[in-house]
Amino acid sequence: MQFGANISFHILFPTISIALGWFLLYFKIQFNRTGLEYWQEAYQFWVKIFALTFALGVVSGITMSFQFG
416 MQFGANISFH
426 ILFPTISIAL
436 GWFLLYFKIQ
446 FNRTGLEYWQ
456 EAYQFWVKIF
466 ALTFALGVVS
476 GITMSFQFG
């Protein structure tokens, strides 16, 4: 039961991190092209969520390696 929850979190968080990475790239490119400030604000908001999901993916991966033995 515990391993199933851990593996599902480990699938969820890296997937979100990969998708957010592409969105962050898009926001940064749009800011560099247009210079409009709301692209930078969107980037700054979502980069915090990206860092959180990345950290949670790392933590779930570390605990999963301990569960494998």
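In our numbering, each residue carries its 1-based index in the sequence shown increased by 415. Glycine residues also receive a C-beta, built at the ideal position from the N, C-alpha and C atoms. In this text, all values refer to a predicted model and were calculated from it rather than measured experimentally.
How should residue i be labelled, buried or exposed, when 16 other C-beta atoms within 10 angstroms of its C-beta is the threshold for buried?
{"i": "S432", "result": "buried"}
{"i": "T430", "result": "exposed"}
{"i": "T449", "result": "exposed"}
{"i": "G472", "result": "buried"}
Hey, could you find the ends of the alpha helix (DSSP H) residue i is sitting in?
{"i": "L471", "result": "E452 to F483"}
Check whether the Cβ atoms of residue i and residue j sit closer than 9 Å, and answer yes or no.
{"i": "I422", "j": "M479", "result": "yes"}
{"i": "L439", "j": "Y458", "result": "yes"}
{"i": "S475", "j": "F418", "result": "no"}
{"i": "F446", "j": "Q455", "result": "yes"}
Whole angstroms is fine: what's the gap from residue i's alpha carbon to residue j's?
{"i": "F442", "j": "K463", "result": "14 Å"}
{"i": "L435", "j": "M416", "result": "29 Å"}
{"i": "F481", "j": "L467", "result": "22 Å"}
{"i": "F361", "j": "I477", "result": "No information on residue 361 is available, as it lies outside the stretch 416 to 484 that the chain covers here."}
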